[in-house]
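All the letters of the sequence shown, read from the start, carry residue numbers -37 to -1, 1 to 294 under mature numbering (1 follows the signal peptide of the UniProt record, and there is no 0). C-beta: ideal position from N, C-alpha, C; glycine also. Here the structure is a predicted model, which means the values were calculated and not measured. Remarks on the structure that follows.
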Amino acid sequence: MSSTPSAAKVRGLRLMALAGLLIAAFAWFGAPSSARAAASCTASVSSVNLGSTLSPLTAGTVDATANLNFSCTGLGSFLSYSLCPNLDAGSGGSNGSGLRYMAGPGGATMGFQIYQDAGRTQSWGSSSLLAFGAVPTITASPGAGTSINVNQTVYLRLTTTTTTVPGAYSTSFTGQNFFWGLNLLSCAGVTVGYAVVPATFTFSATLIPDCTISTGNINFGNAGVLAADKDAQSAMSVTCTKDTPYAIGLDNGQQGTSATARRMKAGAQYVTYGIYKDEPRSSPWGSSGGQTVGGTGTGGAQPQTLYGRVPAQTTPAPGTYGDQVVATVTY
C-alpha cells in the first residue's frame, strides 16, 4: 500500500509546519516585548573634569576615568541581557577619522578620545558613526532575581600640544542611544533593541597660560686695563603658550643699582657693566617701565639676545669678577 500522502494531507502538513514557524517567531520576538513591558531601566555616565590647571607646555596626554551605570528592575530570571552604549562625537565634534575633540576658546579644539580598555587601545564606538570603532557589548544576568546593576569604567584621554591655546575646553553628550535587549550577542552594527537615554554628561579640562625661559652666561673674557668698552652677548630662549602675551624683565643683579649700573664683584672690588636689548647698546634691559622685552607666545621657543657691555672705567685689582641676574617672565 502506498505511503505517499494525498494532496489534501500534504497541504495540511505544510500549514501545520507554517503555523509552527509562526509560533516560534512570535515566541522569539515576544519575549523582549514582555520583558520590556515589565522592566524599568536607567543608564548614566558621570561627568569628569580632567584637570583645571593643565599647562599645554607640559601636559602631553592626560588620562582619567568616568563611570557608566546601567540598572534594570522587573526582568525575567535566568536570562542574559545585553547593553549597547553608543557614544557619538559629542558637542566638541571630531576630525571625521575617529578622533573626538573638546571645543575651546575662539573655535580652538583639543584632541580627545574615549576608550573601552585601560590601555587605551580600543576606542568606544557608535553603531551609527563607524569611524569611532566598535560599540562595547555589556552583558549581565539577574540570576534568580529580577534586577541587574552594572558599573562599567569609561577610559578617557586628552592630548595637548605646545600650540594648544589656553582656556576652558569641553564636550557634552546629549541624547545618546543606549540599546538593550535579550541575547544581542554583539553590539557591532546593532541598531535594534530598546533604547535607554542617559542624562547629558560632560567631559572638560582647563588649560592655563604658561612660560618657560632659559639663558646662558654673558662671559666678557679676559681683560687688562679697562680703558675701552668691552662687549659680549648671550642667547636667551623663551617659550610661552600660544597667544599668551609676555614680558621679560632682568633685575639689577646682586650689587647693581640700575640696568646699566650692575656690578660684578671680586672680594671687595667691583666692575660696572650693563645689559641691553639691542646690539648698539642703546636700550637698557631692566625690570620696569619700557626696559622689558615683550612678545606673544607661539607655543614654540622664541630666541632673544642679551647684549652686555663693560664700559671704560677705573681698573680694579686683578681677579675673577662675577654677578647673578634674575630673569623674570610676566604673562
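Item, Value
"Confirm the yes/no value for this check: CB of C47, any heavy atom of the ligand GDP, distance under 7 Å.", "With respect to small molecules bound, the structure shown includes none, and the ligand GDP cannot be examined in it."
"Can the beta-carbon of S86 be found closer than 8 Å to that of D51?", "no"
"CA-CA distance, V8 and C47?", "14 Å"
"On the DSSP letters alone, give me the boundaries of the alpha helix (DSSP H) that A1 sits inside.", "A(-31) to A1"
"Measuring only the C-alpha atoms, how far is F183 from A71?", "46 Å"
"Can you say whether G263 is buried or exposed, counting buried as having 16 or more other CB atoms within 10 angstroms of its CB?", "exposed"
"Rounded to the nearest angstrom, how far is the Cβ of S3 from that of G108, given a contact under 8 Å?", "In fact, because the Cβ distance is near 14 Å, the residues do not count as touching under 8 Å."
"In the DSSP assignment, what residue or residues form a beta bridge with C150?", "Answer is none; C150 lacks a bridge partner."
"Nearest-angstrom Cα distance between P(-6) and G144?", "Summary for P(-6): the model assigns pLDDT 43, below 50, so the residue's position carries little reliability; its value from the coordinates is reported in the next sentence. Rounded to the nearest angstrom, the two C-alpha atoms are 7 Å apart."
"My output table needs one value for F183: the three-state DSSP class, helix, strand or coil.", "coil"
"Closest to S250 by C-alpha separation, out of Y270, A229 and V292, would be which residue?", "V292"
"Please name the residue in T207, Q76, K193 and V113 whose C-alpha comes closest to that of T36.", "V113"
"I need the DSSP call for A71, collapsed to helix, strand or coil.", "coil"
"Does the contact criterion of 3 or more C-beta pairs under 8 Å hold for the stretch 116 to 136 versus the stretch 166 to 177?", "yes"
"Compare the Cα-Cα distances from Y239 to each of T202, N215 and G260 and report the closest residue.", "N215"
"Below 7 Å CB to CB, which residues in the same chain sit around S149 once its five sequence neighbours on both sides are set aside?", "T100"
"Please tell me whether S133 and F166 are closer than 8 Å, where the distance is taken between their beta carbons.", "yes"
"Cα separation between Y236 and Q217?", "12 Å"
"Go through its chain and collect everything with a Cβ distance to P279's Cβ below 8 Å, but skip five positions before and after it.", "A229, Q232, Y233 and V234"
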